[in-house]
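Written below as structure tokens is the structure these notes are about.
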Amino acid sequence: MIDSFEHVLQTLREDTSRVKDLLLVSKNLFSLDPEKSLSYAAQAKDLSQKIAYKPGIAYSYKNIGIVNYLQGKLLVAIENFEYALVLFDSLKDKIGSSNMLGNIGAIYYDQGDDTKALDYYLRSLKYAELSGDKLRIATALVNAGNVYSNKDATIDKALEYYRRSLSLTKEINDQYLLGTALVDLGELYMRKNEDDSALDCFKKSVTAYKGNENIAYPLNNIGKIYARRKDFISALKYQQQAYDMSKNYSPKIDITKFLTCLAETYYQQGDKKNALDYYLKAKVMAEEIGAKNELKQTFEGLAKTYVLLGDYVNAFKYQTLFTNIKDTLYNIEQDKKLARLQFDFDIQKKQSEIDLLTKDKAIVEKEKTRAEANAEKQKLSRNSIAAGACVVLLSSLFMFLFYKRKRDAEEKQKETLLSLQVSETEMKALRSQMNPHFIFNALQSIQTFLVNHKSEEANVYLLKFSKLMRLVLENSQYAEVSLKTDMQALELYMQLESIRLQHPFTYEFYIDENVNIEDDNIPPLILQPFVENAIWHGLQYKPEPGKINIYIRKENNSLYASVEDNGVGRQVSKQALHPTLVKKNSLGMKLTEERLKILNEVKKIKAQFQIIDLFAEDAKPAGTRVELSLPLAS
1 MIDSFEHVLQ TLREDTSRVK DLLLVSKNLF SLDPEKSLSY AAQAKDLSQK IAYKPGIAYS
61 YKNIGIVNYL QGKLLVAIEN FEYALVLFDS LKDKIGSSNM LGNIGAIYYD QGDDTKALDY
121 YLRSLKYAEL SGDKLRIATA LVNAGNVYSN KDATIDKALE YYRRSLSLTK EINDQYLLGT
181 ALVDLGELYM RKNEDDSALD CFKKSVTAYK GNENIAYPLN NIGKIYARRK DFISALKYQQ
241 QAYDMSKNYS PKIDITKFLT CLAETYYQQG DKKNALDYYL KAKVMAEEIG AKNELKQTFE
301 GLAKTYVLLG DYVNAFKYQT LFTNIKDTLY NIEQDKKLAR LQFDFDIQKK QSEIDLLTKD
361 KAIVEKEKTR AEANAEKQKL SRNSIAAGAC VVLLSSLFMF LFYKRKRDAE EKQKETLLSL
421 QVSETEMKAL RSQMNPHFIF NALQSIQTFL VNHKSEEANV YLLKFSKLMR LVLENSQYAE
481 VSLKTDMQAL ELYMQLESIR LQHPFTYEFY IDENVNIEDD NIPPLILQPF VENAIWHGLQ
541 YKPEPGKINI YIRKENNSLY ASVEDNGVGR QVSKQALHPT LVKKNSLGMK LTEERLKILN
601 EVKKIKAQFQ IIDLFAEDAK PAGTRVELSL PLAS
């Protein structure tokens, strides 16, 4: 079809039908050949200006904007959409104006600026309603609903818009838009945990999409709901259908998501083999297309699956990869925030230029003709232009000063954001080092235990270790965890070390009544190095069983934790320690010092710890106490 049109376009005719042909070919080449598409749109614009065909000029700017949008040139896209909007407004073309406002809103939506996106979407809806075009109204309602659905506070508003859109799409019988609106509405119900309503929407969407490749999306969502209900047979049935249907025509990013959903369902079902198989397939495809978010999910899934399989080497490998890519995505998100600041600034500059644009050639010619017919009006026009020039000059001077101050303020804001980004990234890096250090120590304990103990006891030990590994892997993805969760991991660690030592020790937690272990949060594993220090440096060399007491209290919005042992004391342990153990311990304590240091910088608090030697009445060493103070976020 495109070849036929291109052949027809070789003729030298110059009329509105040629403009329409140029625009049609340009539209069909948006994705296939963007450069050719731009060329044909430019030809359509030039010819439209030559023959004073204003609709042709408007649609040419629209096509140019769309190609630039698809190529990621957002500023150029907005500029062309704005040109087209001015022309559509002058033509009183409500649908054209609605489309342009919707396109601009989509750019802001992609940029994460929900406020501006919603403003343009609502203006688009207003024009659509004035036009009376139900398809355009329904589309604008879905767009606005998508923005409202991003925040819990406006979910009910999103529901209202989706329902209005559904009502219209049923009237006009547009099955594609109906399927899309039903999927959006269903996903909103899922967020509200109204699974029955969500399931009804997805099943209706399947019917609407029948014969369309988009049917894979509602099928996969139906599977998710059944998985939430623990009906894994039904969940796998629908998710497998979605994957099978997507293999031939869906984008690889969507196929990767379907594979990950299948893997997660198998994992929840306890089918470790299939979970591993699908996570690995998803990983390969995510690596192929460079999809970092999907890679993060597959690395996390592989880590927890390998824990279930008892393959701790691979579990540790993928947990490390998960932590690294999570930090990378965090950095990318910070870069996007900075880029968004720059984008907003550039858009404001472009907007000021657009406001000062002269009218298109056809309008200028029309004004010129009128001016020639009336000399008095021409004189008045010149005076008006002169006055306008003065206003523009003064406005430009004011805008220059305004934007200079704004730019300076934004530069300072960027510097602050970058500084915060560096500190938070350093904290994440330290946290990722903490976990391998902790796991390495636990693996050393297993090795020591297996060499010196019976197999039945080894099985008990490995069972506790697997539980501990799962807790560590789950907690490592958070900057803070509840005190209860961290104490569970700490207790498992002490149980393991007590089994391993020649002289087992006991432990006890003392928690003040004013401490809420469910709601009060601390950095994960922050107390573990102190407990490890007490075991390796105090209790290990004690000839009889020892004890560790952990005290936690809360005062003036700060947590105070003490780890106290009745071991041999630091001086005695230094004489008995092997050099390798000294190095190992110093790493754990050093990482803890660095964590607290960066935590203080990021949160502007003063967390600190001190080590106190304990002595009996006869001045003999009686153990060690570490006291940690940790201000809570206000």
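Just so you know, we're using the working numbering here: the sequence shown kicks off at 1 and counts up by one.
Beta carbons are placed, not taken as given, at the ideal position from N, Cα and C, and that holds for glycine.
Residue i: first and last residue of the uninterrupted beta strand (DSSP E) it sits in
| i | result |
| --- | --- |
| phenylalanine 30 | Counting along the chain, phenylalanine 30 falls outside any beta strand (DSSP E), and DSSP gives it neither H nor E. |
| aspartate 565 | 558–565 |
| isoleucine 535 | Premise fails: isoleucine 535 is in no beta strand (DSSP E) and is neither H nor E. |
| isoleucine 612 | 608–615 |
| phenylalanine 509 | 506–511 |
Whether residue i touches residue j by CB criterion (8 Å)
| i | j | result |
| --- | --- | --- |
| asparagine 658 | serine 482 | Because the chain in this structure spans residues 1 to 634, residue 658 falls outside the shown range and cannot be described. |
| isoleucine 642 | leucine 295 | The chain is shown only over 1 to 634; residue 642 falls outside these bounds and no answer can be derived. |
| glycine 683 | alanine 242 | Look at the range of the chain in this structure, 1 to 634, and you will see that residue 683 is not part of it. |
| glutamate 518 | lysine 484 | yes |
| glutamate 147 | tyrosine 127 | It is worth fixing the name first, because residue 147 is valine in this sequence and not glutamate. Contact: no. |
| leucine 539 | aspartate 565 | yes |
| alanine 227 | glutamine 268 | yes |
| proline 529 | methionine 589 | yes |
| isoleucine 137 | leucine 125 | yes |
| leucine 501 | leucine 471 | no |
| lysine 272 | threonine 305 | yes |
| leucine 527 | leucine 473 | no |
| alanine 263 | alanine 275 | yes |
| threonine 624 | isoleucine 605 | no |
| alanine 291 | phenylalanine 322 | no |
| asparagine 63 | serine 90 | no |
| isoleucine 511 | isoleucine 552 | yes |
| phenylalanine 30 | isoleucine 66 | yes |
| aspartate 184 | glycine 145 | yes |
| leucine 23 | tyrosine 59 | yes |
| leucine 177 | threonine 139 | yes |
| tyrosine 69 | tyrosine 83 | no |
| phenylalanine 232 | proline 218 | no |
| arginine 570 | aspartate 613 | yes |
| alanine 181 | serine 165 | yes |
Residue i - containing alpha helix (DSSP H), residue span
| i | result |
| --- | --- |
| asparagine 220 | 216–228 |
| glutamate 187 | 175–191 |
| tyrosine 69 | 54–70 |
| leucine 125 | 114–131 |
| lysine 202 | Position check: residue 202 holds phenylalanine in this sequence, whereas lysine was assumed. Here the alpha helix (DSSP H) through phenylalanine 202 covers 195–208. |
| serine 165 | 155–172 |
| tyrosine 83 | 74–90 |
| tyrosine 148 | 134–148 |
| leucine 101 | 94–110 |
Residues that residue i bridges to, as DSSP identifies them
| i | result |
| --- | --- |
| lysine 554 | Leu559 |
| glycine 270 | In DSSP, glycine 270 forms no bridge with anything. |
| glutamate 627 | Ser562, Gln610 |
| valine 481 | Ile522 |
| lysine 304 | Bridge partners of lysine 304: none, in fact. |
| asparagine 549 | Glu508, Glu564 |
| proline 529 | Partner(s): none; proline 529 has no beta bridge. |
| proline 621 | Phe615 |
Chain C within 8 Å of residue i, Cβ atoms only
| i | result |
| --- | --- |
| asparagine 600 | No chain C is part of this structure, which consists of one protein chain only. |
Residue i CB to nearest heavy atom of the ligand NAP below 7 Å
| i | result |
| --- | --- |
| aspartate 231 | Ligands are entirely absent from the displayed structure, and the ligand NAP is therefore not among its contents. |
- Message: Between the stretch 157–170 and the stretch 183–194, can you find at least three pairs of beta-carbon atoms closer than 8 Å?
- Response: Verdict: yes, contact present.
- Task: Evaluate contact between the stretch 46–59 and the stretch 10–29, counting only Cβ atoms and requiring at least three cross-stretch pairs below 8 Å.
- Result: As far as the Cβ criterion goes, the stretch 46–59 touches the stretch 10–29, which means the pair count is three or higher.
- Query: When the Cβ atoms of the stretch 111–119 are set against those of the stretch 84–94, are three or more pairs found closer than 8 Å?
  - Reply: Look at the beta carbons and you see the stretch 111–119 not touching the stretch 84–94: under three pairs across the two are nearer than 8 Å.
- Query: Touch check for the stretch 553–568 and the stretch 618–631: three-plus C-beta pairs under 8 Å?
  - Reply: Three or more Cβ pairs drawn from the stretch 553–568 and the stretch 618–631 lie within less than 8 Å of each other, which places the two stretches in contact.
- Task: Could you tell me whether the stretch 529–546 touches the stretch 598–607, where touching means 3 or more Cβ pairs closer than 8 Å?
- Result: Verdict: no, contact absent.
- Where are the alpha helix (DSSP H) runs, 4 residues long or more, that stay fully inside the stretch 234–297, in chain order? Whole alpha helix (DSSP H) segments, 4+ residues: 252–269, 272–289.
- Message: Counting beta carbon pairs with one atom in the stretch 200–207 and one in the stretch 167–174, are three or more of them shorter than 8 Å?
- Response: The answer is no - the stretch 200–207 does not touch the stretch 167–174, with fewer than three Cβ pairs under 8 Å.
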